[in-house]
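In this note's numbering, the protein residues as written are 17 to 404.
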């Protein structure tokens, strides 16, 4: 038996945050990253809309790019003092992920991070609060997923939290909120969304529902990502919807080794997640094509790419990803990004072994050994061919 879970309600389009005027509740805490959303008027507007619904608000700010255990604990303390019945994550994936983790410990303060990182074992949430997610970037899909990743900066341990309980009650995709995204962020989040859709489509845990969402997301992203990067407003709106479809797909089909590699190398090399996905994705498509060639060929056919054979279609798909990457001035290799060879070699064994053990590796269509993972990382650094 399969299961498919998404938020009960998804509001989307221009001015979708107007829905906040009709939500039910008494107190809402807004969890955000930097002060930018306050300064640009986004948070004051949200607060005013909630005020129309007779809801008092408070703001927790300062969530970093990789949300930390310490930040989550600070947020839980503030929630315990304010006692909200609505928790609203606003921003990119990091504040939404952090807000999800805060939600768990606000409702169950006796739990530990070791407890909650056991997949699909959370107690029932919504005993104290419901959860609303409002993304202001177009890539992570966190507003519709059942995941959160929190890092202990003191130990370096990452806690991947996965449970259908974490799926937000409401997702609000206001397409006006992404018009001012900087170009680098559009590139990074857009490639992340494309990777979500690709990996969901070839995942061992995929099904017809996730396949439909993934392929539509791929089509929309391919048609809109570069023009969004170049400033087209409608494309930015379409990308915001497309990344949500990709999020729905991967939340239920899980991911693959592009994300395994990015999870284990991002912090060590200090490279943005989307940049890493852009480097790793073409290599992983080639590696996986020995097992999932037909699935990749199907994507290529649906996109109208050239190729008379499966191998030719896969190669066309790889070239498409490379062309999109080049159109947004993204690096081809880790070496080009600026990672020193010494740092790369010093960490290669560690990240290779860790990536094999990453939860996303289990749903990758082709099994991979530590030796093969090491060879993939080397291909990503030196730009060598993947022929194993």
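Built from N, CA and C at the ideal position, the CB exists for glycine as well.
Closest by C-alpha distance to residue i, when choosing among the options
i           : options               : result
residue 387 : 373, 379 and 399      : 373
residue 57  : 210, 106, 86 and 140  : 106
residue 154 : 394, 240, 313 and 393 : 240
residue 215 : 249, 83 and 270       : 270
residue 29  : 77, 151, 97 and 176   : 151
residue 91  : 64, 160, 123 and 140  : 123
residue 178 : 292, 376 and 356      : 376
residue 299 : 393, 340 and 291      : 393
residue 62  : 261, 32 and 194       : 32
residue 263 : 341, 22 and 18        : 22
residue 134 : 109, 180, 93 and 111  : 180
residue 292 : 320, 196, 348 and 54  : 348
residue 336 : 286, 234, 397 and 267 : 234
residue 80  : 54, 201, 397 and 108  : 108
residue 205 : 166, 346 and 88       : 346
residue 196 : 53, 210, 277 and 183  : 53
residue 148 : 164, 167, 183 and 166 : 183
residue 352 : 111, 398 and 321      : 398
residue 219 : 94, 277, 273 and 350  : 273
Residue i to residue j span [Cα, whole Å]
i           : j           : result
residue 103 : residue 113 : 12 Å
residue 279 : residue 99  : 34 Å
residue 143 : residue 173 : 29 Å
residue 294 : residue 42  : 43 Å
residue 38  : residue 60  : 17 Å
residue 275 : residue 251 : 25 Å
residue 221 : residue 78  : 35 Å
residue 65  : residue 36  : 6 Å
residue 85  : residue 169 : 7 Å
residue 296 : residue 97  : 44 Å
residue 333 : residue 312 : 7 Å
residue 253 : residue 314 : 27 Å
residue 361 : residue 391 : 12 Å
residue 4   : residue 74  : Nothing can be reported for residue 4, as the shown portion of the chain is limited to 17 through 404.
residue 24  : residue 157 : 15 Å
residue 118 : residue 358 : 38 Å
residue 247 : residue 203 : 12 Å
residue 338 : residue 185 : 37 Å
residue 115 : residue 356 : 35 Å
Sequence-distant residues of the same chain with beta carbon closer than 8 Å to residue i, five excluded per side
i           : result
residue 309 : 326, 327 and 330
residue 343 : 242 and 245
residue 267 : 21, 22, 157, 160, 161, 162, 163 and 183
residue 71  : 39, 41, 42, 43, 44 and 102
Outcome for residue i when other beta-carbon atoms lying within 10 angstroms are tallied against a minimum of 16
i           : result
residue 365 : exposed
residue 245 : buried
residue 354 : exposed
residue 259 : buried
residue 400 : exposed
residue 226 : buried
residue 18  : exposed
residue 317 : exposed
residue 136 : exposed
residue 224 : exposed
residue 67  : exposed
Beta-carbon contacts of residue i that lie in its chain and below 6 Å, excluding the five residues immediately before and after
i           : result
residue 307 : 381 and 382
residue 230 : 213, 216, 217 and 265
Sequence-distant residues of its chain with Cβ nearer than 7 Å to residue i (five each side left out)
i           : result
residue 363 : 284
residue 199 : 245
residue 201 : 153
residue 139 : 124
residue 282 : 289 and 292
Three Cβ pairs or more, each shorter than 8 Å: is that satisfied between the stretch 183-200 and the stretch 320-327? Cβ pair count under 8 Å is below three, so no.
Does the contact criterion of 3 or more C-beta pairs under 8 Å hold for the stretch 238-257 versus the stretch 116-136? No, the stretch 238-257 is not in contact with the stretch 116-136.
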